[in-house]
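In our numbering, the protein residues as written are 5 to 124.
Glycine is no exception: its CB is placed at the ideal position from the N, C-alpha and C atoms.
Since the structure comes first, as structure tokens, the remarks are kept for the end.
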């Protein structure tokens, strides 16, 4: 069976065509035999999440209390999701608060919270 992996991002009409960008740079994943097997051509499908509308931005349904400290959802980095059936997180994903660029050799911090099921 052919597996598909949705590449989910928040919809923005100013974004370039994400599908074309994925197809253009797919050769990077295809150059690694393991990644080529995991992500065959056509397996990555661009998908869009609805962005918050003006009402949701200006009038949140829940107000934060004054003494509310940082929770797990306010920690920056890449984290596994809590779904039991997520093959990506269970078998391949590595949690981290930074990453090393193979191009520059520099270590970069991740300045937001990222996960497979990130909700904005």
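Item: Identify the residues that DSSP records as bridge partners of residue 9: which are they?; Value: 48
Item: Note down, in chain order, each residue of its chain lying with its Cβ closer than 8 Å to the Cβ of residue 118, except the 5 sequence neighbours on either side.; Value: 81, 82, 83
Item: With a cut-off of 8 Å, do at least 3 Cβ pairs link the region 48-67 to the region 85-102?; Value: no
Item: How many Å lie between residue 17 and residue 25 at the Cα?; Value: 15 Å
Item: Do the CB positions of residue 112 and residue 103 come within less than 8 Å of each other?; Value: yes
Item: Which residues mark the beginning and the end of the beta strand (DSSP E) in which residue 104 is found?; Value: 102-104
Item: Could you tell me which of 91, 116, 99 sits nearest to residue 10, measuring between CA atoms?; Value: 91
Item: Residue 94 by DSSP, collapsed to three states: which one?; Value: helix
Item: Do residue 114 and residue 101 come within 8 Å of each other at the CB atom, strictly closer than that value?; Value: yes
Item: Using DSSP's beta-bridge definition, name the partner residues of residue 55.; Value: Paired residue(s): none; residue 55 is not in a bridge.
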